[in-house]
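Only one structure is covered here, and it is reproduced in the block below.
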Amino acid sequence: MRSRFDEQLNELNSKLIEMSAIIEHSISAAVEALLTQNVELAGTVKADERTSDKQEKQIETLCFELLLRHQPVAGDLRIISAALKMITDMERIADQAEDIAEISKYLADKPYIKQPEDIAKMAVAAKKMLKESIDSFVNRDLSLAKAVLEHDDVVDDLFRKIRNDLTALIHENPDNGEQALDLLMVAKYLERIGDHASNIAEWVIFMITGEHKRNEAAQ
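The following block contains the structure:
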């Protein structure tokens, strides 16, 4: 029975990695569509979101099977509980990537009031947080999970810079206001992605230590 349980835990790890990879691709495609004003690329994000939604359901089913068939206790129970919580945050990240893609479609035929280089930097930082939070789960790596939490400061600092830059552009010319708000919303979605990645890391810390403090910013 333990051998079968371990096999299914390995399957759980693989499915989480697969789901994370799809979501990372969604973030990349959504932001690249924004940078290049590519409507066709933005349209691919919806398919990714549907795939990640299916993966969430598969992982959920696997977790419930592990709970019902093996009735795990202590550390094994925390692993499954953490995975169930993590996929909720992962699916919200997928939704936010889709929201960014929708905004990129709307802005595709408009010249930018400011090139979104800092938004691209935010996306790189947020994807790093997501990937490393999942890696920390798979490898049971407490140090990496804590490093994810620390990296959230990078995302937050970039968000503040973008907000300040866009606010200045609105003061310079009120006609910049509509697009500035759209770009600020993209930055806000990326900030939330960072918050959800932090949540995932917090669940990994819970899995390893039994202690958990929920990141309220991602609610």
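By this note's numbering, the letter at position 46 of the sequence shown is numbered 167, and the numbering carries on one by one without gaps.
Ideal placement from N, C-alpha and C gives every residue a C-beta, glycine not left out.
#### Entry: N- and C-terminal bounds of the alpha helix (DSSP H) containing Gly331
Neither: Gly331 is in no alpha helix (DSSP H) and is coded neither H nor E.
### Simplified DSSP state of Ala229, which is helix, strand or coil
coil
### Message
Does Lys309 come out as helix, strand or coil in the three-state DSSP assignment?
### Response
helix
#### Entry: Option nearest Thr157 by Cα separation, candidates Glu212, Ser147, Ile144 and Asp230
Asp230
### Task
Would you give the residue range spanned by the alpha helix (DSSP H) that Asn260 belongs to?
Careful: Asn260 lies outside any alpha helix (DSSP H) and carries neither H nor E.
### contact_flag[the region 248-256, the region 279-291] where n(CB pairs < 8 Å) is 3 or more
no
### Query
Taking the alpha-carbon positions, what's the Glu212 to Ser173 distance?
7 Å
### Query
Taking the Cβ atom as the reference point for each residue, do Ile276 and Met306 lie within a distance shorter than 7 Å?
According to the sequence provided, residue 276 is Val. The question's Ile does not apply to it. No. Outside cutoff.
### Query
Are there three or more Cβ pairs, one per stretch, closer than 8 Å when the region 254-271 is compared with the region 157-166?
no
### Query
Measuring CB to CB, does Ala218 end up less than 7 Å from Ile138?
no
### Query
Just checking my contact of Ile143 with Gln176 at CB under 8 Å: how many whole Å lie between their CB atoms?
7 Å
### Query
Which residue from Leu302, His272 and Lys226 puts its Cα closest to that of Leu155?
Lys226
### Task
Have a look at Gln300 and Leu287 and give me their C-alpha separation to the nearest angstrom.
9 Å
### Query
Taking all protein chains shown into account, do 16 or more other C-beta atoms lie within 10 angstroms of the C-beta of Ala195, making it buried, or fewer, making it exposed?
exposed
### Query
Can you tell me the Cα-Cα spacing of Ile326 and Thr182, whole angstroms?
23 Å
### Task
Give the secondary structure of Val275 by DSSP, where H, G and I count as helix, E and B as strand, and everything else as coil.
helix
### Task
In angstroms with no decimal places, state the Cα-to-Cα distance between Lys206 and Glu186.
16 Å
### Query
Are the beta-carbon atoms of Arg199 and Met328 separated by less than 7 Å?
yes
### Query
Can the beta-carbon of Ile221 be found less than 7 Å from the beta-carbon of Tyr310?
yes
### Coil, strand or helix - Gln158 by DSSP
coil
### Message
Do Ile234 and Leu290 have their beta-carbon atoms positioned less than 7 Å apart in this structure?
### Response
yes
### Task
Rank Gly331, Thr330, Arg313 and Glu323 by C-alpha distance to the C-alpha of Ile214 and give the top, closest one.
Arg313
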